[in-house]
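See structure below.
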Amino acid sequence: MKKHKLNQSGAAHLILVIVIVLAAVGGFAYWRISQIQNESSDDTSASTPSDSSARIKHLGIDLDYYDSATQTAGDIKFIKLPTSEGGVDSVFWEYGRMGEASSAGPARRNPQPTFIAPLGTKVHALVDGTVVNVPKLYSGDYSVHVQPKGSDLIFETEHVINVKVKKGDTVKAGDVVAEVSDYDSHNLDGLGLFEIGILKGGNPPKHVCTFDYLDDSIKAETLKKITALEDAWEDFIGNPDFYNQAAEPTPG
518 MKKHKLNQSG AAHLILVIVI VLAAVGGFAY WRISQIQNES SDDTSASTPS
568 DSSARIKHLG IDLDYYDSAT QTAGDIKFIK LPTSEGGVDS VFWEYGRMGE
618 ASSAGPARRN PQPTFIAPLG TKVHALVDGT VVNVPKLYSG DYSVHVQPKG
668 SDLIFETEHV INVKVKKGDT VKAGDVVAEV SDYDSHNLDG LGLFEIGILK
718 GGNPPKHVCT FDYLDDSIKA ETLKKITALE DAWEDFIGNP DFYNQAAEPT
768 PG
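In structure tokens, the structure reads:
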């Protein structure tokens with residue numbers, strides 16, 4: 518009888534130990550799940566979907582009217598580009614421009630405005646916001662993604678090197694974030710290039726027209742300078758039909 522009671526006592530102790538262990542495991546699991554959720558929340562780049570206040574306050578480089586004496590338009594240097602098949606053939610490629618088919622692939626529309634500028638040219642943040650990603654690209658250079666607070670849009674400066682910012686940094690429009698890339702510089706007589714773009718949702722994300730999102734503080738003057746840039750390039754190369762400005766709802 519005494520032995521039976523001892524067995525019962527031992528079983529009770531064992532059950533108690535099991536209950537304590539299960540409670541501890543359950544508590545840890547709950548704590549860890551909460552931590553993971555918090556980490557995921559901190560890492561996300563998506564905020565409340567609303568692009569109403571997301572506006573570009575800097576073009577990414579300093580653009581000005583063409584100066585024939587220096588053959589520059591702000592940061593942009595005019596040269597006769599020794600382009601290869603399917604290569605860039607102007608100092609500015611507008612959004613939606615149809616490229617030529619080449620050995621690298623079929624003709625396609627340019628998804629982002631592209632600027633050609635001397636190597637070392639500084640690239641600036643387009644908007645106020647947080648750096649949400651700095652991915653390395655297939656071309657060996659980088660893209661800087663900035664997302665304004667409360668917006669579902671991501672504004673990028675693509676094909677850049679010597680990046681000055683990292684994920685999590687807060688930037689203001691006009692802050693230097695990188696330099697133009699040396700990608701394809703062998704086809705551009707030593708010049709660099711970079712692109713500006715806006716990404717919206719999806720995987721892959723949708724590209725939208727950058728110049729539709731210019732802030733009112735720079736919109737009128739920037740669009741005048743883009744039109745003047747296209748006119749100056751056509752004069753420079755002697756081809757008045759290089760750009761189809763009549764088909765551009767918004768210049769650029």
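Following the working numbering, the numbering of the sequence shown begins with 518 at its first residue and continues without gaps.
In this text, a Cβ means the ideal position worked out from N, Cα and C, and glycines have one as well.
Please read all numbers here as calculations on a predicted model, not as lab measurements.
When you compare only the Cα positions, how much space is there between G718 and A586? One C-alpha to the other measures close to 44 Å.
* **Segment contact, 8 Å Cβ cut-off, at least three pairs: the region 698-710 with the region 648-660** => Yes, the region 698-710 touches the region 648-660.
* **Buried or exposed by the 16-neighbour rule on C-beta atoms within 10 Å, applied to S607** => Taking every protein chain shown into account, the CB of S607 has 16 or more other CB atoms within 10 angstroms, so this residue is buried.
Is the beta carbon of E712 closer than 7 Å to that of H676? For H676 and E712, yes; Cβs fall inside 7 Å.
Item to complete: Could you please give the first and the last residue of the uninterrupted alpha helix (DSSP H) stretch that includes K736?
Response: K736 to I754 is the extent of the alpha helix (DSSP H) around K736.
Self-check item: Identity of the residue in D581, A745 and I633 nearest L705 by Cα
Solution: For L705, the nearest C-alpha among the options comes from I633.
What does the alpha-carbon distance come out to for the pair K689 and D748?
So the alpha carbons of these two residues sit roughly 31 Å apart.
Open item on the list: Measuring straight from C-alpha to C-alpha, what distance separates N756 and W750?
Closed with: A straight line joining the alpha-carbon of N756 with that of W750 spans about 8 Å.
Burial state of E738 (16 or more Cβ within 10 Å): Of the other Cβ atoms in all chains shown, fewer than 16 fall within 10 Å of the Cβ of E738; this residue is therefore exposed.
Q) Over what stretch of residues does the beta strand (DSSP E) that includes V661 continue unbroken? A) Segment Y659 to Q664, the beta strand (DSSP E) holding V661.
| query | Among G577, D692 and L708, which residue has its Cα nearest to the Cα of Q629? | reply | Out of G577, D692 and L708, the CA that lies nearest to the CA of Q629 is found in G577.
Suppose contacts are defined by Cβ-Cβ distances below 7 Å. Is P665 in contact with G691 by that definition? Taking 7 Å as the Cβ cut-off, P665 and G691 do not qualify as a contacting pair.
_Using a Cβ-Cβ cutoff of less than 8 Å, which residues in the same chain neighbour L636 once the five nearest sequence positions on both sides are dropped?_
E696, V697, D699, S702, G707, L708 and G709.
Item to complete: Please say whether T631 and W610 have beta carbons closer to each other than 7 Å?
Response: Contact: yes.
Beta bridge counterpart(s) of E675 as assigned by DSSP
DSSP lists S660 and E712 as partners of E675.
For I735 versus V725, is the C-beta distance shorter than 7 Å? No.
For D752, I'd like the list of residues in its chain whose CB is within less than 7 Å of its CB, leaving aside the five on either flank, ordered along the chain.
-> Contacts found: none.
message: Would K681 and V694 be called neighbours here (beta carbons separated by less than 7 Å)?
response: Note that the C-beta distance between K681 and V694 is below 7 Å.
* Asked: Residues in its own chain within less than 6 Å of L670 by CB, not counting five upstream and five downstream?
  -> D568, A571, I715 and K717.
**Asked** Hey, L580 and K742 are a contact pair by Cβ (cut 8 Å); roughly how many whole angstroms apart?
**Response** About 5 Å separates the two Cβ atoms, so the contact holds.
Exercise for the section: Grab me the residues of I678's own chain with a C-beta within less than 6 Å of its C-beta, minus the 5 sequence neighbours each way, in chain order. Expected result: Annotation for I678: D658, E696 and S698 place their beta carbon closer than 6 Å to its own, counting only its chain and skipping 5 residues before and after.
Could you tell me the alpha carbon to alpha carbon distance between K574 and L746, rounded to whole angstroms? Distance between the alpha carbons of K574 and L746: 19 Å.
Is DSSP giving Y730 helix, strand or coil here? It is helical.
- Which residues in the same chain have their Cβ closer than 6 Å to the Cβ of V648, if we skip the five residues on either side of it in sequence? Excluding residues within five positions, the ones whose Cβ falls inside 6 Å are V663, V682, K684 and D686.
task = Can you have a look at D729 and say buried or exposed, based on whether 16 or more other CB atoms are within 10 angstroms of its CB?
result = When all chains shown are included, D729 counts as exposed.
**Asked** Candidates F672, G667, F759 and K653: which alpha carbon is nearest A642's?
**Response** For A642, the closest alpha carbon among the candidates F672, G667, F759 and K653 is that of F672.
DSSP-derived helix/strand/coil call for H724: Looking at H724 - three-state DSSP - the assignment turns out to be strand.
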